[in-house]
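Undergrad:
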Amino acid sequence: MDNLAVARALEDLADLQELSGVAVFKVRAFRGAARAIEGLSEALAELTREGKLKDVRGVGEGVARRISELFETGTIAEADELRAKLPPGLVDLMNLPGVGLKTAQQVWRERAITTVDELEAAARAGKLRDLPRFGQKREDKLIVAIEAWRKRSAAPKRRPMAEALLAAEAIVARMLDVPGVLACEFAGSLRRRAETVGDIDILVSAADGDHAAIIEAFTGAPDVVEVLGKGDTKTSIVLEGGMQADLRVVPHASWGAAMQYFTGSKDHNVAMRTLAVKKKLKVSEYGVFDAQGAKVAGEDEASVYAAIGLAWMPPELRENRGELQAAKDGTLPKLIELSDVRGDLHMHTTETDGKSTLEQMAEAALRAGRSYVAITDHSETLAFVRGLGKERLRAQRKRIHEVEEGLGGAIRIFAGLEADILADGTLDVEDALPELEWVVGSVHQHLKMTREEMTKRVVRAIESGKMDCLGHPTGRQIGWREPYEIDMEAVLKAMSRAGVAIELNSTPSRLDIDEHTARMARDAGVPVVLNSDAHSVRELSQLRYGIGIARRAWLSKEHVLNTRSAGDLQAWRAARLS
Ligand code: DGT
Ligand code: CA
Ligand code: CA
Ligand code: ZN
Numbered sequence: 129m130d131n132l133a134v135a136r137a138l139e140d141l142a143d144l145q146e147l148s149g150v151a152v153f154k155v156r157a158f159r160g161a162a163r164a165i166e167g168l169s170e171a172l173a174e175l176t177r178e179g180k181l182k183d184v185r186g187v188g189e190g191v192a193r194r195i196s197e198l199f200e201t202g203t204i205a206e207a208d209e210l211r212a213k214l215p216p217g218l219v220d221l222m223n224l225p226g227v228g229l230k231t232a233q234q235v236w237r238e239r240a241i242t243t244v245d246e247l248e249a250a251a252r253a254g255k256l257r258d259l260p261r262f263g264q265k266r267e268d269k270l271i272v273a274i275e276a277w278r279k280r281s282a283a284p285k286r287r288p289m290a291e292a293l294l295a296a297e298a299i300v301a302r303m304l305d306v307p308g309v310l311a312c313e314f315a316g317s318l319r320r321r322a323e324t325v326g327d328i329d330i331l332v333s334a335a336d337g338d339h340a341a342i343i344e345a346f347t348g349a350p351d352v353v354e355v356l357g358k359g360d361t362k363t364s365i366v367l368e369g370g371m372q373a374d375l376r377v378v379p380h381a382s383w384g385a386a387m388q389y390f391t392g393s394k395d396h397n398v399a400m401r402t403l404a405v406k407k408k409l410k411v412s413e414y415g416v417f418d419a420q421g422a423k424v425a426g427e428d429e430a431s432v433y434a435a436i437g438l439a440w441m442p443p444e445l446r447e448n449r450g451e452l453q454a455a456k457d458g459t460l461p462k463l464i465e466l467s468d469v470r471g472d473l474h475m476h477t478t479e480t481d482g483k484s485t486l487e488q489m490a491e492a493a494l495r496a497g498r499s500y501v502a503i504t505d506h507s508e509t510l511a512f513v514r515g516l517g518k519e520r521l522r523a524q525r526k527r528i529h530e531v532e533e534g535l536g537g538a539i540r541i542f543a544g545l546e547a548d549i550l551a552d553g554t555l556d557v558e559d560a561l562p563e564l565e566w567v568v569g570s571v572h573q574h575l576k577m578t579r580e581e582m583t584k585r586v587v588r589a590i591e592s593g594k595m596d597c598l599g600h601p602t603g604r605q606i607g608w609r610e611p612y613e614i615d616m617e618a619v620l621k622a623m624s625r626a627g628v629a630i631e632l633n634s635t636p637s638r639l640d641i642d643e644h645t646a647r648m649a650r651d652a653g654v655p656v657v658l659n660s661d662a663h664s665v666r667e668l669s670q671l672r673y674g675i676g677i678a679r680r681a682w683l684s685k686e687h688v689l690n691t692r693s694a695g696d697l698q699a700w701r702a703a704r705l706s
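Spelled out as structure tokens, the structure:
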């Protein structure tokens, strides 16, 4: 059981308690703990074994007991008991986007509705519109939301890119050690850095002949829990954690064609084949062939594209979103690279919910090649992570200068803050403001608002003049929490007017903003800030996940604010403040 699963179990418990009428103040502790655990970099399982659970901020006696129970028995008895007493289906109902706890309680009490099916039927029959705060518009929205939910729950489970990337890198390293392997890389949606991945596609090139040793290395690894099919050229496995990986062994002369074909996307390949047909060429995973069936390309990817009159393009662009035309016209963007990123403007330390000290974070960032960072611990409102008030911020600022000096000025450390955007859109920053050099404004609480309310709240924060960047702008947690309802177009407009930047948060479960919003930001002229939101030195490397999303959004260096020098960044900020 990983941290996210524990956090989810605690959230469930809180939901069940609240549905059952447990006092709100008792429930709050579990919700707070769930959020704190979400941002934790150490494995809870280990902390439990070591009896160190209560060292985690936000985890008190009651929460620690439930977590231990969860690890021992795989469940929380109280949650099971509460669930057994509640009508089945009510929890599903409550978790529907656009419903939530209050509405679930309302339709349960007023209309005896306890399942999604019943809710849908009632909405379609117009039987909800008379309820307080409902109306026909909300009924219609609910029907749309339920349809989307059904589609999602029927779809097979996709995994976060980061998880797939780590697994794939381990497989590739293993395969490259096998005698006879000439090349090995992963392809598919992972090579394109899609935010979630259905399965991992591994390609190996090897000399003709027996591939038994290669197949054996692939299927025999310790983290393989199931072998789905075993052939001489294609084999599939299931890894611990449920992720599937396919291996294909291809002839060396077809390496480029195979990489191109199996990288996809399917839409990109289909569009490409259409272009090829116009030139009387045929493209397959074996190569590019002319009308006589003679092979004209295939050894490397660039040759495959060149044969069709196209420039090679980075995998992140291959989604049939205009990249083929651009490759033909020679107008492909020069995509941002990780080495372009000079600073990291969102990270936490042991002062709040981070696991590494200020010094450790600064030193690690310096080692990673950053020339500046902003230390942005949480603000006072987030009491469950010991958010910083004015006095502690002042003390931290002093420490920052000491650490900066200690490192001989090799890295610039901005005194920052991740200020909470409160429910009314004010920022939790008031007194501390003049001393701060970088303010990330983020929504962490009161997520269940209407689209109008949430948009108004965030726009108000943007227009306050007190924040430099909007942190994790939609609050989503991939596979767990939907983005909150917000009008991104209106938010970007406000940012463009106010001179505020938008974050692309690289935490694997967030990747927030997503590629679509990042492209909208680019088109709206709003600078993107690529941040790690690291809560430990290890997590500083999370930027590698965010960069994939930035590239999928067609971002170049100039669209990303923290590719600029520290001086230029300060000048950008000064322009807004003047
Ligand atoms: P995923 O695994 O769902 O995240 O997405 P992909 O893109 O990795 O898809 P996958 O694993 O089914 O197939 C890998 C690549 O193989 C895909 O991106 C393109 C290529 N491919 C698969 N099926 C077809 C097909 O029917 N036609 C063409 N042109 N290419 C295909
Ligand atoms: Ca795949
Ligand atoms: Ca596949
Ligand atoms: Zn945050």
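Our numbering puts the first residue of the sequence shown at 129, with every later residue one more than the last. By construction, the Cβ of each residue, glycine as well, lies at the ideal position given by its N, Cα and C atoms. Keep in mind that this is a model prediction, so the values were computed, not measured.
1) Please identify the residue among Ala-162, Val-152 and Phe-153 whose C-alpha is closest to the C-alpha of Trp-608.
2) Which class does Glu-291 belong to by DSSP, given the choice of helix, strand or coil?
3) Which residue from Thr-480, Tyr-500, Ala-493 and Leu-494 puts its Cα closest to that of Leu-521?
4) Thinking C-beta only, is Ile-590 closer than 7 Å to Ala-622?
5) Give the DSSP bridge partners of Tyr-500, in chain order.
6) With the cut-off set at 7 Å, would you say Leu-473 and Asn-659 are in Cβ contact?
7) At the level of alpha carbons, what is the spacing between Met-303 and Val-665?
8) Measuring only the C-alpha atoms, how far is Trp-440 from Gly-458?
9) Would you call the CB atoms of Ala-276 and Leu-198 closer than 7 Å?
10) So, using beta-carbon positions, are Ala-493 and Trp-566 closer together than 7 Å?
11) May I ask you to verify whether the segment 332-344 touches the segment 688-701, counting CB pairs closer than 8 Å and requiring at least 3?
12) Tell me whether Asp-327 counts as near ligand 3, meaning its Cβ is closer than 6 Å to at least one heavy atom of that ligand.
13) Entirely within the segment 223-289 and at least 4 residues each: give me those alpha helix (DSSP H) ranges in chain order.
14) Helix, strand or coil for Asn-397, going by three-state DSSP, please let me know.
15) Would you kindly report the start and end of the unbroken beta strand (DSSP E) that includes Ser-333?
16) When you measure from the CB of Phe-314 to every non-hydrogen atom of ligand 1, does any distance come out below 6 Å?
17) Give a single yes or no on whether Ser-364 has its beta carbon closer than 6 Å to a heavy atom of ligand 2.
18) Contact defined as beta carbons within less than 8 Å: I believe Leu-293 pairs with Leu-463. What is the distance between those atoms, to the nearest angstrom?
19) Quick one, are the C-beta atoms of Ala-425 and Leu-668 less than 7 Å apart?
20) Look at the Cβ atom of Leu-224, then the Cβ atom of Glu-238, and state whether they are nearer than 7 Å.
21) Quick check: Ile-365 and Val-355, are their CB atoms within less than 7 Å of each other?
22) For the alpha helix (DSSP H) holding Arg-704, just list the boundary residues, first then last.
23) Using the DSSP secondary-structure output, state which residues sit across from Gln-372 in a beta bridge.
24) In the DSSP assignment, what residue or residues form a beta bridge with Ala-547?
25) Heavy atom of ligand 2 less than 6 Å from the Cβ of Ser-393, yes or no?
26) Determine the extent of the alpha helix (DSSP H) in which Gly-415 is found, giving its start and end residues.
27) Whose C-alpha, out of Glu-643, Asn-690, Gly-437 and Pro-636, is nearest the C-alpha of Gln-670?
28) Can you find the residues in the same chain that come closer than 6 Å, C-beta to C-beta, to Tyr-389, ignoring five residues on each side of it along the sequence?
29) Rounded to whole angstroms, how far is the Cβ of Ile-328 from the Cβ of Met-371, which I believe are closer than 8 Å?
30) Ligand 2 and Val-684: does any heavy atom of the ligand fall closer than 6 Å to the residue's C-beta?
31) Got a sec, what are the start and stop residues for the alpha helix (DSSP H) Phe-153 sits in?
32) Does the Cβ of Ser-484 have 16 or more other Cβ atoms within 10 Å, making it buried, or fewer, making it exposed?
33) Is Leu-683 helix, strand or coil when you go by DSSP?
34) Relative to the alpha-carbon of Thr-324, which residue among Glu-631, Lys-410, Arg-286 and Leu-705 has its alpha-carbon at the smallest distance?
35) Taking C-alpha atoms, which residue in His-687, Ile-299 and Ile-541 lies nearest to Arg-527?
36) So, helix, strand or coil for Arg-609, using DSSP?
TA: On the basis of the supplied data:
1) Position 480 of the sequence shown, counted from the first residue, corresponds to residue 608. Restricting attention to Ala-162, Val-152 and Phe-153, the CA atom closest to the CA of Trp-608 is found in Ala-162.
2) Mapped onto the sequence shown, residue 291 falls at position 163. Correct three-state label for Glu-291: helix.
3) Walking along the sequence shown from the start, residue 521 turns up at place 393. For Leu-521, the nearest C-alpha among the options comes from Thr-480.
4) Residue 622 sits at position 494 when you count from the first residue of the sequence shown. Residue 590 sits at position 462 when you count from the first residue of the sequence shown. Contact: yes.
5) Position 372 of the sequence shown, counted from the first residue, corresponds to residue 500. DSSP lists Gly-471 and Arg-540 as partners of Tyr-500.
6) Within the sequence shown, numbered from 1, the residue matching residue 473 stands at position 345. Within the sequence shown, numbered from 1, the residue matching residue 659 stands at position 531. It is a contact, given that the beta carbons lie within the stated cut-off.
7) As a position in the sequence shown, residue 303 is number 175, starting the count at 1. As a position in the sequence shown, residue 665 is number 537, starting the count at 1. If I take the Cα positions, the gap works out to 30 Å.
8) As a working mapping, residue 440 is identified with position 312 in the sequence shown. As a working mapping, residue 458 is identified with position 330 in the sequence shown. Rounded to the nearest angstrom, the two C-alpha atoms are 10 Å apart.
9) Taking the sequence shown and counting its residues from 1, one reaches residue 276 at position 148. Taking the sequence shown and counting its residues from 1, one reaches residue 198 at position 70. Their beta carbons are not under 7 Å apart, which means Ala-276 does not touch Leu-198 by this criterion.
10) On the sequence shown, position 365 is the one that residue 493 refers to. On the sequence shown, position 438 is the one that residue 566 refers to. For Ala-493 and Trp-566, no; Cβs fall outside 7 Å.
11) The way I'd put it, the segment 332-344 doesn't touch the segment 688-701; fewer than three beta-carbon pairs between them come closer than 8 Å.
12) For the purposes of this step, residue 327 is taken as the residue at position 199 of the sequence shown. Taking 6 Å as the cut-off, one finds at least one heavy atom of ligand 3 near enough to the beta carbon of Asp-327.
13) Within the segment 223-289, the complete alpha helix (DSSP H) segments at least 4 residues long are 228-239, 244-252 and 264-282, listed from N- to C-terminus.
14) Your numbering for residue 397 matches position 269 in the sequence shown. Secondary structure of Asn-397 (DSSP, three-state): helix.
15) Mapped onto the sequence shown, residue 333 falls at position 205. If you look at Ser-333, you'll find it in the beta strand (DSSP E) that goes 328-334.
16) Working through the sequence shown from its first residue, we reach residue 314 at position 186. No, Cβ of Phe-314 sits at least 6 Å from all heavy atoms of ligand 1.
17) One-based indexing of the sequence shown puts residue 364 at position 236. Answer for Ser-364: no, Cβ out of range of ligand 2.
18) Position 165 of the sequence shown, counted from the first residue, corresponds to residue 293. Position 335 of the sequence shown, counted from the first residue, corresponds to residue 463. That pair is no contact at about 18 Å.
19) In the sequence shown, counting from the first residue as 1, residue 425 sits at position 297. In the sequence shown, counting from the first residue as 1, residue 668 sits at position 540. Annotated as distal: Ala-425 and Leu-668, with beta-carbon spacing of 7 Å or more.
20) On the sequence shown, residue 224 is found 96 positions in, with the first residue counted as 1. On the sequence shown, residue 238 is found 110 positions in, with the first residue counted as 1. No. Outside cutoff.
21) Taking the first residue of the sequence shown as 1, we reach residue 365 at position 237. Taking the first residue of the sequence shown as 1, we reach residue 355 at position 227. Result yes, Cβ atoms of Ile-365 and Val-355 sit closer than 7 Å.
22) Translated into the one-based positions of the sequence shown, residue 704 becomes position 576. Per DSSP, Arg-704 is one residue of the alpha helix (DSSP H) stretching across 694-705.
23) Against the sequence shown, residue 372 aligns to sequence position 244. Residue pairing of Gln-372 in beta bridges, as defined by DSSP: Val-366.
24) Stepping through the sequence shown from its first residue, residue 547 is reached at position 419. For Ala-547, which the question treats as bridged, DSSP gives the partners Gly-569.
25) Mapped onto the sequence shown, residue 393 falls at position 265. Ser-393: no, Cβ never under 6 Å from ligand 2.
26) The count along the sequence shown starts at 1 and reaches residue 415 at position 287. Note, Gly-415: premise wrong, no alpha helix (DSSP H); beta strand (DSSP E) at 415-417.
27) Within the sequence shown, residue 670 is the residue found at index 542, counting from 1. Minimum Cα-Cα distance from Gln-670 among the listed residues Glu-643, Asn-690, Gly-437 and Pro-636 corresponds to Pro-636.
28) Counting from 1 along the sequence shown, the entry for residue 389 is found at position 261. If we look at Tyr-389 and ignore the five residues flanking it on each side, its Cβ neighbours are Glu-413.
29) Stepping through the sequence shown from its first residue, residue 328 is reached at position 200. Stepping through the sequence shown from its first residue, residue 371 is reached at position 243. Correct: roughly 7 Å between the Cβ atoms.
30) The residue labelled residue 684 in the question sits at position 556 within the sequence shown. One detail in the question is off: residue 684 reads as Ser in this sequence, not Val. Incorrect: Ser-684 has no Cβ contact closer than 6 Å to ligand 2.
31) The residue given as residue 153 occupies position 25 in the sequence shown. Counting along the chain, the unbroken alpha helix (DSSP H) around Phe-153 starts and ends at 152-166.
32) Indexing the sequence shown from 1 puts residue 484 at position 356. By the 10 Å Cβ count, Ser-484 comes out buried.
33) On the sequence shown, position 555 is the one that residue 683 refers to. Residue state, collapsed to three classes: coil.
34) Mapped onto the sequence shown, residue 324 falls at position 196. Ranking the options by Cα distance to Thr-324, first place goes to Arg-286.
35) One-based indexing of the sequence shown puts residue 527 at position 399. Distance check between Arg-527 and each of His-687, Ile-299 and Ile-541 places Ile-541 closest, using alpha-carbon atoms only.
36) Here residue 609 refers to the residue found at position 481 when the sequence shown is read from its first residue. Strand, per DSSP.
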